[in-house]
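Oh and the sequence shown: position 166 is 826 in my numbering, straight run, nothing missing.
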Amino acid sequence: MAGGSAAASAADGRRQDYPGRLTLFVFMACLVAATGGLIFGYDIGISGGVTSMDPFLSKFFPSVYRKQQQADDSNQYCKFDSQLLTMFTSSLYLAALVASLFAASVTRVAGRKWSMFIGGITFLAGCALSGAAQNVAMLILGRVLLGVGVGFANQSVPVYLSEMAPARMRGMLNNGFQLMITLGILAANLINYGTDKISGGWGWRVSLALAAVPAAIITIGSLFLPDTPNSLLERGKPDEARRMLRRVRGTDDVDAEYRDLAAASEASSAVERPWRDILRRKYRPQLVMAVAIPLLQQLTGINVIMFYAPVLFKTLGFGGSASLMSAVITGVVNLAATLVSVFTVDKLGRRVLFLQGGAQMFASQVIVGALIGAKLGWSGVAEIPSGYAAAVVVMMCVYVAGFAWSWGPLGWLVPSEVMPLEVRPAGQSITVAANMLMTFIVAQAFLPMLCGLKFVLFFFFAAWVAAMTLFVALFVPETKGVPIEDMADVWKAHWYWKRFVTDDDGAPGVDLEMGNTVAKN
């Protein structure tokens, strides 16, 4: 069974590490692959921006535009409440959910890079349709194609990054995906701010069509990406896999890592139905992480802030351009805080960032809810002074920073690194599907909930942040520095999950925390 050497080292408190270094070849491959996050981030930022532009609203959503133009004494909470408007935003995520399930088969049979390529091509088609849209049907069809692209990219990129990276740097390189998402959001916010000033009312077309730039980067870049050693072994190419492993590690001393990869691949080849096998008891910890972490990530309320930021700030009394600039500010904070995670995740570990970020998000959400409630109250009728609105923006930035160095990057990193090879594509598809399902639900529900719950909505998300922080404290083990081929030993050492993990489908895994001998073949 794979991971015997790691099990032994885990028993005496040490982590297994293979020879090798971060080569320029691996860095460049991971950089290109991580650009798959650009298309997701750009879309998150661009959709909220264009829905706050008057020419866009008057053309496609005239009822929302008329409501927005009403006198200032109208209910601020309900200005943008429209199911058709939220369908425009959230249709992408429903399409991404379905696409991610099909992407698993492509990723396993053809390799990770071809899933990225399909994602990029489909996203390009969606960009063309969205930018040229003449009616709501064209607009939403374009969003569906964008969603298919996002589904394929989000399914394959985190897996690719986890497999290419050396274990001791896996967190940093995998977090490059989230870094690219935040960079895409910031770029979208800046573009929205610029295109909103274009006279003639067609700036929104430029915003939507420019999504083709990040799509072209991942589409062309994927053609030059190497396959991962794991994928080559999985597809029956052992000689190529060994050569690629030497190249990505920058050393000929890869025998130990290759043996573990080969053992994991052998186990993978015995699995004919990964979608069925992932439901088996021994994969219960990984399945829970694949479902719970992405679901909880969206219940932080972050995508509400990011793709509705201009709308939300406009609701708080900012003018059109001012609301877009406020979204730019939160985008800058998001990018800077993600960089903090990139450079600390392999030093501090996953749990420290999860727990600290959770506490920070909880406190800031409560303060934002209190500030909005104190000024707008239940009626939603009030004029908010600029200084008061600036305080709300500051606290939202504190919240965004907490998310960006915790649940943002780790919500993609942890599920992708804990999956064994035999069920990894299926597991990552479940992660993406769960993420997109909850994103769709939250996006559809946010504006009606804001209208109904008013400022209490922020307390609602704060309660979920408290619950997910407790979940991490109790059930998410530390995975820093553990080779992905040996991740099973982490579950065997956990106080709760050890009861599910088995050796060769036999007896439950040995309790490594108690220092007992680990039985391996």
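Think of the CB as a built atom: it goes at the ideal place given N, C-alpha and C, for glycine as much as any other residue.
* To do: Could you check the C-alpha separation between Val993 and Ala1050 for me, to the nearest Å?
  => 15 Å
* Leaving out five residues before and five after Gly1029 in sequence, what residues of the same chain have Cβ atoms less than 8 Å from its Cβ? -> Phe1115, Val1116, Leu1117, Phe1118, Phe1119, Ala1122
* Asked: With a CB to CB cut of under 6 Å and the five nearest residues on each side skipped, what residues in its chain are close to Thr782?
  -> Leu805, Val808, Gly809
* To do: Over the uninterrupted alpha helix (DSSP H) stretch that includes Glu900, give me the two end residues.
  => 898 to 909
* For the candidate residues Ala1148, Gly1087, Ala952, Thr711, whose alpha-carbon lies nearest to that of Thr1129? -> Ala952
* C-alpha gap between Ile1101 and Gly1062, whole angstroms -> 23 Å
* Asked: Taking the alpha helix (DSSP H) that Val1092 falls in, what are its first and last residues?
  -> 1084 to 1113
* Where Val914 sits in the DSSP three-state scheme -> coil
* **Among Leu995, Leu1073, Gln1025, Ala1034, the one whose alpha carbon lies nearest that of Phe1014** => Leu1073
* Asked: Does the distance from the C-beta atom of Ala924 to that of Glu1145 stay below 7 Å?
  -> yes
* Asked: Whole-angstrom Cβ separation of Gly780 and Leu868, contact assumed at under 8 Å?
  -> No, Gly780 and Leu868 are not in contact; Cβ-Cβ is about 17 Å, not under 8 Å.
* Is it true that the CB of Asn849 sits closer than 7 Å to the CB of Val686? -> no
* Keeping to the same chain, check which residues put their C-beta closer than 6 Å to that of Asp887; ignore five residues upstream and five downstream. => Gly771
* Using a threshold of 7 Å, state whether the C-beta atoms of Asn834 and Ser816 are closer than that. => no
* Please list, in chain order, all residues of the same chain as Leu947 whose beta carbon is under 8 Å from its beta carbon, the five residues on each side excluded. => Ile938, Leu939, Gly1087, Ile1090
* Using a Cβ-Cβ cut-off of 7 Å (strictly less than) and excluding sequence neighbours within five positions of Gly881, which residues of its own chain qualify? -> Val692, Thr695
* Asked: Does the Cβ of Met1079 have 16 or more other Cβ atoms within 10 Å, making it buried, or fewer, making it exposed?
  -> buried
* **Completely contained alpha helix (DSSP H) runs for the segment 751 to 794, where each covers 4 or more residues** => 772 to 791
* Note down, in chain order, each residue of its chain lying with its Cβ closer than 7 Å to the Cβ of Ala666, except the 5 sequence neighbours on either side. => Bear in mind that a pLDDT of 38 at Ala666, under 50, signals an unreliable position, so the number given afterwards is only what the model happens to contain. Counting only Cβ-Cβ distances below 7 Å, and skipping sequence neighbours, we find Gln676, Pro1143, Asp1146, Asp1149.
* Ser1024 beta carbon less than 7 Å from that of Trp1065 -> no
* **Whole-angstrom distance between Val1132 and Phe1022, CA atom to CA atom** => 14 Å
* Following the continuous alpha helix (DSSP H) through Phe716, name the residue where it begins and the one where it ends. => 714 to 720
* Asked: Near Ile1032, what residues of its chain come up, given a Cβ to Cβ distance below 6 Å and the 5 sequence neighbours on each side ignored?
  -> Phe1115
* Sort Leu921, Gly1071, Ala689 by Cα distance to Phe884 and report the nearest one. => Ala689
* **Close Cβ partners of His1154 (< 6 Å) along its chain, the five nearest in sequence each way excluded** => Pro1137
* Among Arg681, Leu698, Phe1160, which residue has its Cα nearest to the Cα of Arg944? -> Phe1160
* Count the other CB atoms, across all protein chains shown, that sit within 10 Å of the CB of Asn795; report buried if there are 16 or more and exposed otherwise. => exposed
* **Own chain residues within Cβ distance below 7 Å of Leu789, not counting five before or after** => Met798, Leu801, Gly802, Leu805
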